[in-house]
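Below: the structure, in structure tokens.
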Amino acid sequence: MRKKIVAGNWKMNLDYNEGLGVFSEIINMVKDEATGTQEAVICSPFIHIHSLVQLAKGYKVAVGAQNAHQAESGAYTGETSAKMIKSVGAAYVIIGHSERRQYFGESNELLAKKTDTVLKNDLRPIFCIGETLQEREANAHFDVIKTQLVEGVFHLDAAQFAKLVLAYEPVWAIGTGVTATSAQAQEIHAFIRKEIAAKYNQEVADSTTILYGGSCNPKNAAELFGCADIDGGLIGGASLKSRDFVDIVKAFN
Ligand code: 13P
1109 MRKKIVAGNW KMNLDYNEGL GVFSEIINMV KDEATGTQEA VICSPFIHIH SLVQLAKGYK
1169 VAVGAQNAHQ AESGAYTGET SAKMIKSVGA AYVIIGHSER RQYFGESNEL LAKKTDTVLK
1229 NDLRPIFCIG ETLQEREANA HFDVIKTQLV EGVFHLDAAQ FAKLVLAYEP VWAIGTGVTA
1289 TSAQAQEIHA FIRKEIAAKY NQEVADSTTI LYGGSCNPKN AAELFGCADI DGGLIGGASL
1349 KSRDFVDIVK AFN
């Protein structure tokens, strides 16, 4: 069956020393405390990744990046390639976070290319989808999510798709303190799984990990993760505090 994953997205927070400090606390807590989560991941800024991977050796916490360029290499000043991310030992890359879509104009078409490049370099994409408040109020959320799936990841064959983690992050719930209710989240997760079954087959759908993200915290995680189609979380603000993050990791217990 599908893997239960809790991934932290530090975004552009924590300088190098602060990041190493928080990560050290996390790996020590995860070592000492039983969790029902099968994989805890921290997606840090690029500058932390190499050191976090070294610290994580022998512990059950993986490391990921938050973005990668779609090209293999070349004259793209300021960018970082999937191959570079792989070379320092990361396992995951967040692709298509709503902040990248909104502030950096990343389209579904571009994100499809990024997904291909990340997979080619043997990294697992955590592919983010989700509607804005305006889209939900216009009752367009199912269509928006379906389009993001079709244009972003449904070009993959079943073997490639199996390496993907999906994250449903309603934009109106990110950093706002407004969480989707577990019923709202479950409704969308079930819809996503149904679309995967229609595109591939039921077995692929049943083995795809689908995370929920958006104001997830130690208080609401257990209820969200208790839903049939929610397989973990993508955690922003609460992943910056080791105790909060590990309590979310433990919410499956
Ligand atoms: P918050 O948990 O801070 O709402 O952020 C969610 C998120 O964007 C994770 O990628």
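For reference, each letter of the sequence shown is one residue, going 1109 to 1361 in the numbering used here. Ideal placement from N, C-alpha and C gives every residue a C-beta, glycine not left out. All values reported here derive from a predicted model rather than from experimental measurement.
Exercise. What span of residues does the beta strand (DSSP E) with L1342 cover, start to end?
Worked result: Start at 1 with the first residue of the sequence shown, and residue 1342 comes out as number 234. That run of the beta strand (DSSP E) goes G1340 to I1343.
Exercise. Can the beta-carbon of E1259 be found less than 8 Å from the beta-carbon of V1252?
Worked result: Looking up residue 1259 in the sequence shown gives position 151. Looking up residue 1252 in the sequence shown gives position 144. No, these two residues do not count as a Cβ contact at 8 Å.
Exercise. Among K1221, G1340, S1159 and G1213, which has the Cα closest to the Cα of V1196?
Worked result: Position 88 of the sequence shown, counted from the first residue, corresponds to residue 1196. The shortest Cα separation from V1196 among K1221, G1340, S1159 and G1213 belongs to S1159.
Problem set entry | Beta carbon of I1234 nearer than 8 Å to that of I1202 | In the sequence shown, counting from the first residue as 1, residue 1234 sits at position 126. In the sequence shown, counting from the first residue as 1, residue 1202 sits at position 94. Yes, Cβ-Cβ distance for I1234 and I1202 is below 8 Å.
For this session: Quick one: residues in its chain with C-beta nearer than 7 Å to the C-beta of S1206, no 5 flanking neighbours on either side, listed in chain order?
Result: As a working mapping, residue 1206 is identified with position 98 in the sequence shown. So the qualifying residues of the chain are C1236, G1238, E1277, V1279 and I1282.
Exercise. With distances taken between CB atoms, is the gap from H1156 to Y1200 smaller than 8 Å?
Worked result: Mapped onto the sequence shown, residue 1156 falls at position 48. Mapped onto the sequence shown, residue 1200 falls at position 92. No, the pair does not count as a contact, with Cβ atoms beyond the cut-off.
Exercise. So, helix, strand or coil for I1368, using DSSP?
Worked result: Any answer about residue 1368 is impossible in this case: the structure gives the chain only from 1109 up to 1361.
Problem set entry | Touch test, the segment 1331-1339 against the segment 1283-1293, Cβ-Cβ under 8 Å, three pairs minimum | yes
Exercise. Would you call the CB atoms of L1319 and L1122 closer than 8 Å?
Worked result: Position 211 of the sequence shown, counted from the start, is the residue given in the question as residue 1319. Position 14 of the sequence shown, counted from the start, is the residue given in the question as residue 1122. No.
Exercise. Going by DSSP, which residues form a beta bridge with R1232?
Worked result: Position 124 of the sequence shown, counting from 1, holds the residue named residue 1232. R1232 pairs with Y1200.
Problem set entry | Cβ pair V1354, I1113 closer than 8 Å | Walking along the sequence shown from the start, residue 1354 turns up at place 246. Walking along the sequence shown from the start, residue 1113 turns up at place 5. Not closer than 8 Å, so no.
Exercise. Run through DSSP, which three-state label would G1129 get?
Worked result: Here residue 1129 corresponds to residue number 21 of the sequence shown, with the count starting at 1. Here G1129 sits in helix by DSSP.
Exercise. Going by the CB atoms, is the gap between V1130 and V1169 shorter than 8 Å?
Worked result: Here residue 1169 refers to the residue found at position 61 when the sequence shown is read from its first residue. Here residue 1130 refers to the residue found at position 22 when the sequence shown is read from its first residue. No, these two residues do not count as a Cβ contact at 8 Å.
Exercise. Hey, would you say the C-beta of E1277 is under 7 Å away from at least one heavy atom of the ligand 13P?
Worked result: Along the sequence shown, one-based indexing puts residue 1277 at 169. Result yes, Cβ under 7 Å from the ligand 13P.
For this session: Pull up the CB-CB distance for L1274 and N1117, whole angstroms please, since I reckon it's below 8 Å.
Result: Locating residue 1274 in the sequence shown gives position 166, counting from the first residue. Locating residue 1117 in the sequence shown gives position 9, counting from the first residue. Their Cβ separation, rounded to whole angstroms, is 14 Å, which puts L1274 and N1117 out of contact at 8 Å.
For this session: Quick one: which unbroken beta strand (DSSP E) runs of 3-plus residues sit fully inside the segment 1315-1357? Chain order, please.
Result: 1318-1321 and 1340-1343
Exercise. What is the DSSP secondary structure of N1216, counted as helix, strand or coil?
Worked result: On the sequence shown, residue 1216 is found 108 positions in, with the first residue counted as 1. Helix.
Problem set entry | Boundaries of the beta strand (DSSP E) in which G1116 is found, first to last residue | Stepping through the sequence shown from its first residue, residue 1116 is reached at position 8. It spans I1113 to N1117 - the beta strand (DSSP E) in which G1116 sits, taken as one unbroken run.
For this session: Could you name the residues that DSSP lists as bridge partners for V1273?
Result: Indexing the sequence shown from 1 puts residue 1273 at position 165. According to DSSP, which records beta bridges pairwise, V1273 is partnered with I1234.
Exercise. Which first and last residues belong to the beta strand (DSSP E) in which E1259 is found?
Worked result: As a position in the sequence shown, residue 1259 is number 151, starting the count at 1. Unbroken run through E1259 is the alpha helix (DSSP H), H1249 to G1260; no beta strand (DSSP E).
Exercise. So what does G1182 bridge to, in DSSP terms?
Worked result: Within the sequence shown, residue 1182 is the residue found at index 74, counting from 1. Looking at the DSSP assignment, G1182 forms no beta bridge with any residue, so it has no partner.
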